[in-house]
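Participant: Plus 209 on top of the position in the sequence shown (first one is 1) and you've got our numbering.
The beta-carbon is built from N, C-alpha and C at its ideal position, and this holds for glycine as well.
These figures come from a predicted structure and were not determined experimentally.
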Amino acid sequence: MKKTLLIVAIALGGLAGGIFVSQWQASRNMAPPAKTDPDQTATTPASQHRPDFTLLDTEGRPRHIREWDGKVVMINFWATWCPPCVREMPALLKLYETYK
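Here is the structure:
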């Protein structure tokens, strides 16, 4: 019984350690954001239209981009398993609260 428990504990510890190392290496291998000069950054003219598309919202309902005509729209594609995506969420929430 003790031997089986020890083997299970070692296996779980190894699995947890492997996951930690994998996530740590993935976050280290991310390229730093490119530095840009604001004076040389291209902007989209207000007269240029965005592509026409539909996406599903969090309840699974289709939402068409035309619903927000005349408003500033930021679409962020992210995933819960993406460390940089998770880190940027507080900044995006602050941005939303500032400009809602």
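Return the first residue and the last residue of the beta strand (DSSP E) that Arg272 is part of.
Facilitator: As a first step, residue 272 is located in the sequence shown; it is residue number 63 there, counting from the start. Counting along the chain, the beta strand (DSSP E) containing Arg272 begins and ends at 271-273.
Participant: Please go through the same chain and pick out, in chain order, the residues whose beta-carbon is closer than 7 angstroms to the beta-carbon of Asn285, but skip the five residues on each side of it.
Facilitator: One-based indexing of the sequence shown puts residue 285 at position 76. Excluding positions up to five away in sequence, the list reads Leu301.
Participant: Does DSSP put Thr263 in a helix, a strand or coil?
Facilitator: As a working note, residue 263 is residue 54 in the sequence shown. In this structure, Thr263 counts as strand in the three-state DSSP scheme.
Participant: For Trp277 and Trp287, what's the separation of their Cα atoms in angstroms?
Facilitator: Mapped onto the sequence shown, residue 277 falls at position 68. Mapped onto the sequence shown, residue 287 falls at position 78. So the alpha carbons of these two residues sit roughly 21 angstroms apart.
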